[in-house]
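Structure, as structure tokens:
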Ligand code: BG6
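Numbering (UniProt numbering), first residue to last: 264 to 628.
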């Protein structure tokens, strides 16, 4: 079943273009410029009237929720909050009328996420699921949802489920947004960008050997930072989590602006600092964050937009990804970070598919 791949994780990273094609098929209708979500059709009116969305999950799925928070507010213009399922469940949450809770989970069995979903339903929320495993417990307990169609994910570190979660959240945002304020022009722009992702990912995956060489340079360093702004802040968290869980390197991810409020004290000579520095609204701000880190001896690994001739002056290594609009960028920018974690773990002799202390799905709270 592994075919030519040495590990499931690598296979699943490379399956992402096809996983996304399957996730988007019949839903992101490029020619008609619309999103068709059969699983939500019976609830379309309630979704349009919804006053608040709560996106919830654990681990990588929580990072998808964080990206979803930006997507929903940016595209659907509806108040949205991303929250750890484990925290939501026990904080006596306020669930007003018109609240939709969206449970995000690859397995559909994560106990924390299931408990949050039940709590929200109990308090009157409508329950949606973004789930990969068909017929799983969470999927069965939701009112409606979008199956991810990522295919079976065996590697413990979630990869293709994450990018499909981002695609599903983008489709949900456009689906809701289009019924409210989103014009046809913007709708078409986002759908076109989303539909271009599978082919663009084929290009991103070609960086694998370059990423391995970069990983080899820094693999003996025990502390890494991952920094990004806006849509890339959750990607920074995800890059750090991937590295932690399979290579056992200590890594932290955070919004790039946050380092100056404390974590900058960590930076010492030669510390690898990964910046997601793609072109967009906050590009100049990211560059100034890079300069601050570099001045203190940090080694800059930048994920940047193809054709950016400026970034090389500020970075020790640059991994280029194709251009796309900002809401879609996380789908591309996360992949070099998945590859970085994979190669670092292999170089350190770690068991990539079965990392110590971890299970594919955690069914205790
Ligand atoms: C963790 C896994 O225990 O559960 C993570 O190690 C995963 O990779 C998280 O993101 C949530 O799992 P699921 O199945 O709910 O997406």
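Quick reminder that beta carbons are idealized off the backbone N, C-alpha and C, glycines included. Model, not experiment: these values are computed from the prediction.
In the DSSP assignment, residue 580 falls outside any alpha helix (DSSP H) and within the unbroken beta strand (DSSP E) covering 580-584. Distances from the CB of residue 516 to the heavy atoms of the ligand BG6 are all 7 Å or more.
Taken through DSSP and simplified to helix, strand or coil, residue 271 comes out as helix. In this chain, the beta strand (DSSP E) harbouring residue 394 covers 389-394.
Note: residue 297 is bridge-paired with 292 in the DSSP secondary-structure output. The distance from the Cβ of residue 536 to that of residue 563 is about 6 Å, consistent with a contact at the 8 Å cut-off. The criterion of a C-beta distance shorter than 8 Å is not satisfied by residue 492 and residue 514. About 20 Å separates the Cβ atoms of residue 587 and residue 473, ruling out a contact at the 8 Å cut-off.
Remark: the shortest separation between the CB of residue 323 and any heavy atom of the ligand BG6 falls under 7 Å. Annotation: the continuous alpha helix (DSSP H) that includes residue 423 extends over 423-441. Under the three-state reduction of DSSP, residue 306 is assigned to helix. Per DSSP, the continuous alpha helix (DSSP H) segment holding residue 508 begins and ends at 495-510. Here residue 365 really is in contact with residue 319; their C-beta atoms are around 7 Å apart, less than 8 Å. Between the segment 296-307 and the segment 432-444 there are three or more inter-stretch CB-CB distances shorter than 8 Å, so the stretches are counted as touching. DSSP, reduced to helix, strand and coil, places residue 486 within a strand of the structure shown.
For residue 517, the secondary structure class from DSSP, reduced to helix, strand or coil, is strand. It is roughly 10 Å from the alpha-carbon of residue 508 to the alpha-carbon of residue 605. Cβ-Cβ distances below 7 Å link residue 328 to 318, 319, 320, 345 and 367 in the same chain, with the five nearest sequence neighbours on each side left out; the list follows chain order. Of the heavy atoms belonging to the ligand BG6, none sits nearer than 7 Å to the Cβ of residue 379.
Considering only 350, 469, 628 and 552, the residue with the shortest C-alpha distance to residue 280 is 469. The ligand BG6 never approaches residue 319 closely enough for any of its heavy atoms to be under 7 Å from the residue's Cβ.
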